[in-house]
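A.B. asks: 1 is the number of the first residue of the sequence shown in full-length UniProt numbering; add one for each residue after it.
Idealized CB from N, CA, C, for every residue including glycine.
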Amino acid sequence: MPDKQRISSAFSRAAPEYDRRAVWQKQVARRLLARLGFRPANALDLGCGTGEMLALLAERFPGIKLSGLDSARGMIAQARERLRAYPQIVWQTGDMEHLPYPDQAFALIVSNLALQWLESPSRAFTEARRVLRAEGCFLFTTLASGTLQELRAAYKKVCGQADNLHKFLPAAQIRAALSEQGFSIEYFSAETETQYFPDLRSLLRSMQSVGAKNPAPRPLSKTQWQALQENYLQIDGQYPLTYEVVFALARKAA
Numbered sequence: 001m002p003d004k005q006r007i008s009s010a011f012s013r014a015a016p017e018y019d020r021r022a023v024w025q026k027q028v029a030r031r032l033l034a035r036l037g038f039r040p041a042n043a044l045d046l047g048c049g050t051g052e053m054l055a056l057l058a059e060r061f062p063g064i065k066l067s068g069l070d071s072a073r074g075m076i077a078q079a080r081e082r083l084r085a086y087p088q089i090v091w092q093t094g095d096m097e098h099l100p101y102p103d104q105a106f107a108l109i110v111s112n113l114a115l116q117w118l119e120s121p122s123r124a125f126t127e128a129r130r131v132l133r134a135e136g137c138f139l140f141t142t143l144a145s146g147t148l149q150e151l152r153a154a155y156k157k158v159c160g161q162a163d164n165l166h167k168f169l170p171a172a173q174i175r176a177a178l179s180e181q182g183f184s185i186e187y188f189s190a191e192t193e194t195q196y197f198p199d200l201r202s203l204l205r206s207m208q209s210v211g212a213k214n215p216a217p218r219p220l221s222k223t224q225w226q227a228l229q230e231n232y233l234q235i236d237g238q239y240p241l242t243y244e245v246v247f248a249l250a251r252k253a254a
């Protein structure tokens with residue numbers, strides 16, 4: 001199964017439980033939208049999931065036209081059902097690297113913790129710039145290379161080889177790609193946030209529940225699994241898991 005299709009399928013499977021379990025993702029969405037200082041004429045959410053960002057935009061800016069795009073049909077179905085009270089939202093299943101919208105269609109594009117799963121974020125930046133109006137804003141979060149560092153370190157220590165977890169880009173590379181695509185960067189910050197779990201299984205479930213690609217290392221024997229637990233960095237008996245989150249606000253030149 002192609003990479004994109006596998007990721008879409010994973011998120012579709014996660015859709016029914018996503019809203020209940022994606023508490024942290026919702027917190028990040030609210031922090032991101034706190035950066036928005038104007039009322040847009042319309043807005044597009046890339047990788048809209050079950051519609052959290054669009055719900056926040058609809059509540060904050062009553063009456064504006066909203067569009068939500070996601071590659072996972074299950075997510076779109078869940079979002080459509082959840083936000084029936086907002087008929088102004090137009091839902092679309094599609095690819096962030098090949099947007100099904102005309103040039104200069106949107107005043108604002110938002111995206112929360114979705115761009116990291118793409119094969120080419122640069123291509124998504126190019127497409128975002130294409131469909132933004134002059135002086136339109138691109139407001140997004142994504143994950144950078146400091147993400148899952150404890151899990152990678154434990155796996156390497158136990159198995160002595162690379163894991164098969166998703167490889168996230170360094171924050172500096174994300175920023176450079178954004179600039180290369182012609183955006184003026186008004187805000188860019190990479191922040192680390194650490195969650196804590198009582199055991200390793202809970203930690204892995206937290207990743208699987210939100211459809212994360214390759215949430216676990218390669219299959220381990222019982223002995224290796226035990227060694228992974230013993231070698232995983234623990235703090236006060238808790239298993240930490242770090243995410244490096246990029247918050248960015250960029251503008252398309254006039």
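Measuring only the C-alpha atoms, how far is A216 from L165?
C.D. replies: For the purposes of this step, residue 216 is taken as residue 216 along the sequence shown, with counting starting at 1. For the purposes of this step, residue 165 is taken as residue 165 along the sequence shown, with counting starting at 1. Its pLDDT being 48, under 50, A216 is placed unreliably by the model, and the measurement read from it follows with that caveat. A216 and L165: Cα-Cα distance of roughly 7 Å.
A.B. asks: Evaluate contact between the stretch 26-37 and the stretch 63-72, counting only Cβ atoms and requiring at least three cross-stretch pairs below 8 Å.
C.D. replies: no
A.B. asks: Taking the straight line between their C-alpha atoms, what separation do you get for A144 and V110?
C.D. replies: Numbered from 1 along the sequence shown, position 144 holds the residue referred to as residue 144. Numbered from 1 along the sequence shown, position 110 holds the residue referred to as residue 110. Rounded to the nearest whole angstrom, the C-alpha separation of A144 and V110 is 18 Å.
A.B. asks: Any contact between the stretch 218-228 and the stretch 106-124? By contact I mean 3 or more CB pairs, one from each, below 8 Å.
C.D. replies: no
A.B. asks: Note down, one range per segment and in chain order, each beta strand (DSSP E) of at least 3 residues found wholly within the stretch 180-234.
C.D. replies: 183-197
A.B. asks: With DSSP collapsed to three states, give me the class of G146.
C.D. replies: The residue given as residue 146 occupies position 146 in the sequence shown. Here G146 sits in coil by DSSP.
A.B. asks: For residue 308, which residues of its own chain have a beta-carbon under 6 Å away from its beta-carbon, when the five flanking residues on both sides are left out?
C.D. replies: Residue 308 is absent from the model: the chain starts at 1 and stops at 254.
A.B. asks: Is the Cβ-Cβ distance between C137 and R251 less than 8 Å?
C.D. replies: Reading the sequence shown from its first residue, position 137 is the one you call residue 137. Reading the sequence shown from its first residue, position 251 is the one you call residue 251. For C137 and R251, yes; Cβs fall inside 8 Å.
A.B. asks: Can you have a look at A172 and say buried or exposed, based on whether 16 or more other CB atoms are within 10 angstroms of its CB?
C.D. replies: In the sequence shown, the residue the question calls residue 172 occupies position 172. Classification of A172: exposed, given that the 10 Å Cβ count is below 16.
A.B. asks: For I76, count neighbouring C-beta atoms within 10 Å of its own C-beta (all shown protein chains included) and say buried if the count is 16 or more, exposed if not.
C.D. replies: On the sequence shown, residue 76 is found 76 positions in, with the first residue counted as 1. Buried, because 16 or more other Cβ atoms sit within 10 Å of the Cβ of I76.
A.B. asks: Using three-state DSSP, classify G74 as helix, strand or coil.
C.D. replies: Your numbering for residue 74 matches position 74 in the sequence shown. Of the three classes helix, strand and coil, the one that applies to G74 here is helix, per DSSP.
A.B. asks: Looking only at its chain, what residues have a beta carbon closer than 8 Å to the beta carbon of E150, apart from the 5 residues adjacent to it on each side?
C.D. replies: Mapped onto the sequence shown, residue 150 falls at position 150. Around E150: Y232, L233, Y239, P240, L241, T242.
A.B. asks: By DSSP, does T126 sit in helix, in strand, or in coil?
C.D. replies: Locating residue 126 in the sequence shown gives position 126, counting from the first residue. T126: helix per DSSP, three-state reduction.
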